[in-house]
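A quick write-up on the structure given underneath.
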Amino acid sequence: MDEIRHLDIVPCAASDVHRLQQELDVSGALAQVLVRRGLAEPQAARAFLAADEQHPPSAFAGIETAIAGILAHVRAGTRITVHGDYDVDGICSTAVLVRVLQALQANVDWYLPDRANDGYGLNPATVRRLAERGTRLLVTVDCAITAVAEVQLAKELGMEVIVTDHHSPRADGVLPAAPIVHPAVCDYPCRDLCATAVAHKLALGLWSAAGRAHATGADGRGASAGYHPEEDLDLVALATIADVVPLLGENRALTRRGLRALAGTAKPGLRALMAVARISDPAKVNERAVGFGLAPRLNAAGRLYRADAGLELILTEDGARAQQIAAELDRANHERRDTELRIVLDAERQLAQLRESPRGERAGYVLVGEDWHPGVIGIVASRLAERHHRPFVLIALDGASGRGSGRSIEGFDLLAALETCAGHLAGYGGHRAAAGVQIERDRLEDFGEAFAAHAEQVLGLDPPLRSERVDAIVEGTELSIELAEELTALAPFGAGNPPVSLLVRGATFADRRAMGEGRHVRFSVRSGAASARAVAFGMGTQLPVQDGVPADATFALEVNEWRGVSEPRLVLRYAQPAAVESERAPVAEPLAGESERELVLFA
C-alpha cells in the first residue's frame, strides 16, 4: 500500500450510546454516529433527526426595510431588476425573486452576468447599462455584499438598491450603503444559508406583507392565483446542495423539505432536467442526484457560455421549450467534462514538473494555462486539492492578464492567503474554501512564490497527514438492509453532515469481479460469520488489501435496488491491513488519557 492513514475515531462513551438506544429506539450503530457527531444528548439527537428547524423572515434584522422598499416599487410599477450570478445558486435565487415579483404583478426583469465578459458580481459597466435601460430598483442576489463603490454608483445614477447575499463582507467591514438581507450581517439564526434560501425568506416576507396590504386595499394590485413561495423549496434544495453550504440546522430542514418538493415538482424545466440526467424515478431524487445529475448541467451553461439558459429553463412553463433547453444544457455539460479532463491532464503535467524542479515540493500551488477555459478551472482546482491535499489556484491567461479560481483544504484559509498576496493581484474575493483572482501576466511568478510561501508557513512541507473518518464500529452481522434504511434518517448528506462511514475490523475480501468496463470492482466482504456484497468505485480491479488478508476497512452502507430487488450494499471508502489486537483502541469508553483520534494503524 502507498499510504497508511490515521483512523479518526472520536471517543464514544458506551453509556451515551446506550442512552440514545433506549430513549430514541435506535440501533447501536446509529447511536454511535450521533454521539461521535456531538449529539450525545437525546434532545439534541432527536432534534437533528427531526430536521424541522425553521425561522421566520423577520429573524433577519432590518428585512422590513427591504420588503417595504420592494413593495413600494411594485405599487408604483417602476422597473425592478434582479441581478444574480452565473452558478446554480445565483440562477436559482434569481428565479425565486423573479417568480414572487411576477406573482405580485411587478414590472420585473433580470440580469445574469457573463463569466468571461462581466466577471463575478456587480460591476460598474453593468450598473450603467441597467440605469440606461430604465431600472429604478436593483435587487442583487448571491452578490454585492462587497460592491460598495458599485452600489454607490447605482444610487448616483438614480437607482435604489437592495443587497441580498451570503458571501463574506469586505475585510475592512465596510458594507454597501443600502438595505441588506444577509444571514451573517443581519444576525439570522442560521448564518450559513445559501443565496437561494435568503431569496426564499425574502419572498416569504414579500408575500406576507403584500397579502396584508392587499387585504386592506392599500396597493390596489392583486397577486397571481395559484402561486406561493413554498413552491420554490425545490430550488432552495437544489442550490443549497450545489453551493456546498453546511447541511445543518435550518439548511438541513430546508433541504429535506426541498428534496420532497423536487420529487413532485410541477416545473417543466426541472422535470426535463431530471429526464436528461437519467433520473428515472423523480420520487427518489436525493442529494446525490442533485449534486451529480442536476447541478452540473444547470452550471454548465454559465461555465462555458451564458447562464441565461439555466434561468429560462427554470422559469418556462412550456414543456417543449423546457426539453429543448435541457438537451442544450446536457450537451454543454458533456463539453464541460471534456474540457475539464484536458485541463486536468495539463495541470497534472505542470505539477509534476514543479515537483521535479530544484525547488521541489511546495505546500501550495499556482498553475497557469494559456488556453484554459476560465469557467472550468475552479472544478479542476477542486479535483487537484482533493487528490493532492494541497491548496491550488489555477489561472486562465488571456493576453496580458488572467482570471483564476482557487480551492482549499481543511486547515487552510484560502481568502486569508490571498489577502497576504494582495500586492500581486489585480483583484480577488471569495471565502475560506474557494476564491477567485484577477492578475496581470507579469505578476504570476511573484504571486506563485508568495502563495507557496504562505502555504508553507501554515501547512509545512511535510506530506499532509491523511485521516479516515469513522462514525461507527460495527460487526458484519449488523450490515443489514434494516441498518441501511435506518441510516437514511441522517440524510440529506453533504457539507457539515457527511455520509456515514462504518468501520469493520478484521474483514476479508474475496470474489472480486470487474464492472463498468473495468473502472470499478465488486467483491464480497466477510466479517466473522457474516458476508456482504460490496463495490469499490474508481479503483479498477485493484483493492487496497489482497483477498483473504484481514483488513480494517471503512464503508458506506446503502440500499441497492436492482430489477425490483432491494438489498444492502457496502461501498468501500478505504482499507488497510488490519492492526494487531494490541494496537486497537476500544469501540467505546476509552481509558482515561487515551484518545482513539490519535491511533495510527500500521501494516
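Start counting at 1 in the sequence shown, then tack on 8, and there's your number in the working numbering. Backbone N, C-alpha and C fix where the C-beta goes; we use that ideal spot for every residue, glycine too.
- In this structure, the alpha-carbon of alanine 360 lies about 42 Å from that of histidine 190.
- Going by DSSP, threonine 89 is part of the beta strand (DSSP E) stretching over 88-91.
- Taken in chain order, the unbroken stretches of alpha helix (DSSP H) that lie wholly in the stretch 53-112 and span 4 residues or more are 71-84 and 96-111.
- The stretch 255-272 makes no contact with the stretch 521-535: fewer than 3 CB pairs, one atom from each, lie closer than 8 Å.
- At a Cβ-Cβ threshold of 8 Å, valine 529 and arginine 577 do not count as neighbours.
- Under the 10 Å beta carbon count, arginine 107 is surrounded by 16 or more other beta carbons and is classified as buried.
- Straight-line spacing of the CA atoms in alanine 217 and histidine 175 works out to 27 Å.
- With at least 16 other beta carbons inside 10 angstroms of its own, asparagine 341 counts as buried.
- In this structure, DSSP gives phenylalanine 501 a state outside helix and strand, which the three-state scheme calls coil.
- Beta-bridge partners assigned by DSSP to glutamate 476: Leu15.
- Around the beta carbon of asparagine 125, a 10 Å sphere encloses fewer than 16 other beta carbons of the protein chains shown; the residue is thus reported as exposed.
- Nearest to alanine 586 by C-alpha distance, out of Val553, Glu569 and Ser574, is Val553.
- In the structure shown, the three-state DSSP call for arginine 521 is strand.
- Under DSSP, glycine 435 shares a beta bridge with Gln446.
- Just measuring C-alpha positions, the residue of Ile75, Glu569, Gly438 and Leu112 sitting nearest glycine 234 is Leu112.
- Assignment of leucine 375 by DSSP, reduced to helix, strand and coil, places it in the strand class.
- Your pair alanine 285 and arginine 305 checks out as a contact, with CB atoms roughly 6 Å apart and the cut at 8 Å.
- Taken in chain order, the complete alpha helix (DSSP H) segments of 4 or more residues contained in the stretch 522-590 number zero; there are none.
- The alpha-carbon separation between lysine 209 and leucine 201 amounts to approximately 10 Å.
- With a threshold of 16 other beta carbon atoms within 10 Å, aspartate 93 meets it and is buried.
- Shown here, aspartate 117 sits in a strand according to DSSP, grouped into three states.
- In the DSSP assignment, glutamate 168 forms a beta bridge with Leu145.
- Between the stretch 432-451 and the stretch 410-417 there are three or more C-beta pairs closer than 8 Å, enough to call the two in contact.
- The Cβ atoms of valine 478 and aspartate 173 lie no closer than 8 Å to each other.
- Here DSSP, grouped into helix, strand and coil, assigns isoleucine 153 to coil.
- Distance from the CA atom of alanine 274 to the CA atom of glutamate 61, rounded to whole angstroms, is 26 Å.
- When only Cα atoms are considered, alanine 186 and proline 237 end up about 25 Å apart.
- Your pair alanine 162 and leucine 146 checks out as a contact, with CB atoms roughly 6 Å apart and the cut at 8 Å.
- Taking 8 Å as the upper bound for CB-CB distance, alanine 317 and alanine 309 are in contact here, some 4 Å apart.
- Membership of glycine 277 in the alpha helix (DSSP H) is indicated by the continuous run 276-284.
- The beta carbon of leucine 491 lies closer than 7 Å to those of Ser35, Ala37 and Leu565 in the same chain, with the five residues before and after it left out.
- Within the stretch 289-332, complete alpha helix (DSSP H) segments of at least 4 residues are found at 303-312 and 316-323, given in chain order.
- By the Cβ criterion, the stretch 133-143 is not in contact with the stretch 76-83, since fewer than three pairs of Cβ atoms, one from each stretch, lie closer than 8 Å.
- In the structure shown, leucine 422 falls within a helical segment according to DSSP collapsed to helix, strand and coil.
- In the structure shown, the three-state DSSP call for isoleucine 417 is coil.
- In terms of Cβ geometry, proline 500 and asparagine 294 form a close pair [threshold 8 Å].
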